[in-house]
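Asker: Sharing a structure with you now.
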Amino acid sequence: MGNKNISLAPVVGLVKQKICFRECAKLIKIAEETGCRISITAGSRKGSTDSLLSLVQLELTPGRTVVLSASEASAARAYRDCLRVLDGEAA
């Protein structure tokens, strides 16, 4: 009981705003707050919240489909908050 390494299925999301440095920083903050390592895959490119530059280099623009992956007890919250950032809402 109390296993923190819970792995949830990846979540598919749609980018609704251009994701620049500010939004990438928000994604990293979500990872820090939830204790999750979050990976984002867009096409053949993959970035993670370990590196701001890896997220920026994904070149996420409106209409792009992404796959979010996270594993920790609070991954569901991390997914929810990340999808809000991708939607253009405040996280």
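The numbering used here numbers the first residue of the sequence shown as 2 and each following residue consecutively. Every residue, glycine too, gets a C-beta built ideally from N, C-alpha and C.
Is the beta carbon of glutamate 33 closer than 9 Å to that of threonine 50?
Answerer: The residue given as residue 50 occupies position 49 in the sequence shown. The residue given as residue 33 occupies position 32 in the sequence shown. Cβ distance < 9 Å, so threonine 50 and glutamate 33 count as in contact.
Asker: Counting only the same chain and skipping the five closest in sequence on each side, list residues whose C-beta sits under 7 Å from that of valine 86.
Answerer: In the sequence shown, residue 86 corresponds to position 85, counting from 1. Excluding positions up to five away in sequence, the list reads Glu24, Lys27, Leu28 and Ala92.
Asker: Less than 9 Å between the beta carbons of isoleucine 31 and valine 67, yes or no?
Answerer: On the sequence shown, position 30 is the one that residue 31 refers to. On the sequence shown, position 66 is the one that residue 67 refers to. No, the pair does not count as a contact, with Cβ atoms beyond the cut-off.
Asker: Just list the residues that DSSP pairs glycine 14 with in beta bridges.
Answerer: Counting from 1 along the sequence shown, the entry for residue 14 is found at position 13. Looking at the DSSP assignment, glycine 14 forms a beta bridge with Val67.
Asker: For the alpha helix (DSSP H) containing lysine 19, list its first residue and its last residue.
Answerer: Here residue 19 refers to the residue found at position 18 of the sequence shown. Careful: lysine 19 lies outside any alpha helix (DSSP H) and carries neither H nor E.
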